Structure formats: C-alpha cells, structure tokens
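J.: A single structure is presented below for examination.
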Ligand SMILES: [Zn+2]
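Residue numbers (this note's numbering): 26 to 174.
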C-alpha cells in the first residue's frame, strides 16, 4: 500500500509538523530531513555563534562553487526587495556622502587622461543619441523660457 505522508515527527523536538516544515534532503528516508526547519535553524544559529568565521568561510566556498545559483538568488532577491534595496542605498549614500564624493573626486584627479579618452570614445560611439538628447534638451529649454515670458 502506498501512503503519501504529509506530516512528520521531528527527531529533535518531537513535534508533529507538516512536511513543509522540514527541509528536503534526498539522503533521508522520505526525502525530507529528520529534523524540522526550526530546530535546524536553531542548531545552525548556535553553531554560527560558536564560530562565525568558519561559517562565513563555508558560505564563501559554497558561493564560489555555485555562481549560477547565487546569481539566480540575488536576482530574485533584488526583484523582491527592490524598494528596500533602493532605500538602503539611499541611506548608505547619505551616511557616506562626503567620503564618496571625495573618493570620486580623487579618482577623477588621478585618472584625468583615462576619463578624457573614455568620454571621447563614448561620444564617438553614441553621436546619434547625444545629438538627439541635445535637440530634445534645447526644445524643452525653449518651451520653458517661452512659458515664462
Ligand atoms: Zn524540531
């Protein structure tokens, strides 16, 4: 007889929980881990607190091994938390505004020739867009001036 189990008892806390409360683990009988998510999280949090450096290192190794998954995750995360990230960047910028401005100034000072060449290359390869933009800008200015007179 084939029964589809929808609940499972956690081997750590002993609680009867829905299968969604367990992580999927192909090595385990039934395809789900024997310990529920809450117990697992608690366990890893405790481990992490004992030796954070080790886990930061492990996660770095994992990320290096799975660049595609990381990219996919980050993309999904960015999409889901767009506004939150925007806000975060805004706060970070405001907190470090002077530092960032000084940094970009210093960069500009130290890379004058490079920047000149780059902007020339950009202008040369985007002539159409730039002239279109300029035309539109002039038109708008004209309208603004016309509106105030
Ligand atoms: Zn549990």
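Virtual Cβ for every residue (Gly too), placed ideally from N, Cα, C. All figures in this text were calculated on a predicted structure; none of them were measured in a lab.
So is the beta-carbon of residue 63 under 7 angstroms away from any non-hydrogen atom of ligand 1?
T.: Locating residue 63 in the chain shown gives position 38, counting from the first residue. Yes.
J.: Cα separation between residue 139 and residue 83?
T.: Taking the first residue of the chain shown as position 1, residue 139 is located at position 114. Taking the first residue of the chain shown as position 1, residue 83 is located at position 58. Looking at the two C-alpha atoms, the distance is approximately 39 angstroms.
J.: I need the DSSP call for residue 42, collapsed to helix, strand or coil.
T.: In the chain shown, counting from the first residue as 1, residue 42 sits at position 17. If DSSP states are grouped into helix, strand and coil, residue 42 belongs with the strands.
J.: Within its chain, find whatever has a CB closer than 8 angstroms to the CB of residue 88; leave out the 5 residues flanking it on each side and keep chain order.
T.: Here residue 88 is taken as the residue at index 63 of the chain shown, counted from 1. Excluding residues within five positions, the ones whose Cβ falls inside 8 angstroms are 95.
J.: Rounded to the nearest angstrom, what separates residue 149 and residue 93 at their Cα positions?
T.: Start at 1 with the first residue of the chain shown, and residue 149 comes out as number 124. Start at 1 with the first residue of the chain shown, and residue 93 comes out as number 68. Computed Cα separation, rounded: 35 angstroms.
J.: Give the straight-line distance between the Cα atoms of residue 53 and residue 99, rounded to the nearest whole angstrom.
T.: In the chain shown, residue 53 corresponds to position 28, counting from 1. In the chain shown, residue 99 corresponds to position 74, counting from 1. Taking the straight line joining both Cα atoms gives about 29 angstroms.
J.: For residue 38, does the count of other Cβ atoms within 10 angstroms reach 16, so buried, or fall short, so exposed?
T.: Here residue 38 corresponds to residue number 13 of the chain shown, with the count starting at 1. With fewer than 16 other Cβ atoms within 10 Å, it is exposed.
J.: How far does the beta strand (DSSP E) with residue 54 in it reach, from first residue to last?
T.: On the chain shown, position 29 is the one that residue 54 refers to. That residue, residue 54, is in no beta strand (DSSP E); it is neither H nor E in DSSP.
J.: Rounded to the nearest angstrom, what separates residue 151 and residue 160 at their Cα positions?
T.: To locate residue 151, count along the chain shown from 1; it is residue 126. To locate residue 160, count along the chain shown from 1; it is residue 135. Distance between the alpha carbons of residue 151 and residue 160: 14 angstroms.
J.: When every heavy atom of ligand 1 is checked, does at least one fall within less than 7 angstroms of the C-beta of residue 37?
T.: Counting from one through the chain shown, the residue named residue 37 turns up at place 12. The answer is yes for residue 37.
J.: Look up residue 32 in the DSSP assignment and give the residues it is bridged to.
T.: The residue labelled residue 32 in the question sits at position 7 within the chain shown. Bridge partners of residue 32: 43.
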